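In what follows, a structure is listed as structure tokens, so that the remarks can point back to it.
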Amino acid sequence: MEVSRVIRKLRKICLGKKFGGTSISASSPEQENYIRNGATLLEKQMTLFQGKSFYSEPLRIFSYKDIRQATNNFDQDLIIGTEIATVYKGIMENGRVAIKVREGLGPTEGMINFFLNQVTIKQVINHKNVVRLYGCCLETEIPVLVFEFLSNGTLYDNLHRRNPNSCSISWSDRVRIAGEISYALSYMHLGSLKPIVHLDVKTMNIFLDEHFTAKLSNFGFSTPISPEETVHSWAALGTDGYMDPEYQDTLRVNEKCDVYSFGVVLIELLTAIDPFAISCGLANYFVPFVEENRLNQVIDSRVLEEGSREEIQAFAALAFKCVGKKGDERPTMKEVALELRRIHLLVRS
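Counting from 1, one number per residue, gives the positions in the sequence shown under UniProt numbering.
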């Protein structure tokens, strides 16, 4: 079912008519969820699309029955992730999928918005380095999301060897992965109806497919902004250790919030240090090594073995610029992407 049919179904529910050959009523919990979630989704779409009919890719609305079948009735053996939501590996007609289900806690307006925000934002972001969203189910208290399945897990798990199947990532792959995510963020900032700020860029939200191609995910905090007005969050959104300190102080949302977080990702790729293991923050830990010309003391051994001095210094200098204390001093994501492309050409030469 496409999103355009949601409106027709909502009308029929409210009128107590039949839909798809079955009688439906707004009195059932599933239909109440559908009405509430469907109305919220449509409101978000109208706000983001500014009343225009704009969808970059088709979105399916799955039934709860579809979700149960795809997960073999939520088989615990199919669980592949548990951060924020339980993620199941499922099977649908187009092959393997990842199904994100919020379980255990009752619905809150914030959590419903978090999940539906991912649906709305993904409809205007169609990029090869962004995880594809196939659709969602609106019949549950908190909507269920259906994504493409990416077999090599997260960059975080691979970089920090968090599962038995993870492998050490080469210097060349680290530079390429950084470039791919910079392209996705540049597209978000420049290529959609409005600039969109991700607000939660981190290695846990970067997935790797079977070819080790990097794809950005998790748009629950993502916020459209406008050059004509200042946008503020109601609270500091994101993940400690990756969050822009200027944003934490002011709550002002702009593209440089993502540049800072991406800078932390660059440092993580360069050092293989887990940001959650550094109490003062990975950026604060890293900066003195650059300023005091002690870079080799903090670089990951594989990077030192495989990278040239020129490549490593250029990569480190870029990371250093990205985590500048003030947003105005940081490069744009377009500038970051261009520099990473230059470094990648050095690596390949």
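Every residue gets a Cβ at the ideal spot worked out from N, C-alpha and C, and that includes glycine. Here the structure is a predicted model, which means the values were calculated and not measured.
- Message: Just to confirm the assignment: which complete alpha helix (DSSP H) runs, minimum length 4, are found wholly within the stretch 98–175?
- Response: 109–122 and 155–159
- Alpha carbon to alpha carbon, how far is residue 334 from residue 320? 16 Å
- Query: What did DSSP end up calling residue 74 once you bin it into helix, strand or coil?
  - Reply: coil
- Item | Supposed contact pair residue 143 and residue 116 - C-beta distance, whole angstroms, cut 8 Å | 6 Å
- Task: Could you please give me the residues that DSSP links to residue 208 through a beta bridge?
- Result: 214
- Of all the options 194, 216 and 336, which has the alpha carbon lying nearest to the alpha carbon of residue 229? 194
- Query: When DSSP labels each residue in this structure, what does residue 262 get in the three-state scheme?
  - Reply: helix
- Near residue 201, what residues of its chain come up, given a Cβ to Cβ distance below 6 Å and the 5 sequence neighbours on each side ignored? 258, 261 and 262
- Buried versus exposed, by CB contacts within 10 Å (16 or more), residue 167: exposed
- Alpha-carbon spacing of residue 85 relative to residue 100, whole angstroms: 6 Å
- From the DSSP output, in three-state form, read off residue 242 for me. coil
- Query: Using DSSP with H/G/I as helix, E/B as strand and the rest coil, what is residue 342?
  - Reply: helix
- How about residue 304: is its Cβ closer than 7 Å to a heavy atom in the ligand NAP? Although the ligand NAP was asked about, the structure shown includes no ligands whatsoever.
- Terminal residues of the alpha helix (DSSP H) in which residue 302 lies: 301–306
- Given a cut-off of 8 Å, decide if residue 306 and residue 171 are closer than it, judged by their beta-carbon atoms. yes
- Query: For residue 198, which three-state DSSP category applies?
  - Reply: coil
- Message: Considering Cα atoms alone, identify which of 182, 220 and 112 is closest to residue 137.
- Response: 112
- The alpha helix (DSSP H) spanning residue 320 covers which residue range? 309–322
- Three-state secondary structure (DSSP) at residue 36? helix
- Beta-carbon separation (whole angstroms), residue 48 vs residue 224, contact threshold 8 Å: 6 Å
- Taking all protein chains shown into account, do 16 or more other C-beta atoms lie within 10 angstroms of the C-beta of residue 324, making it buried, or fewer, making it exposed? buried
- Query: Based on Cα-Cα distance, which residue from 313, 246 and 83 lies nearest to residue 266?
  - Reply: 313
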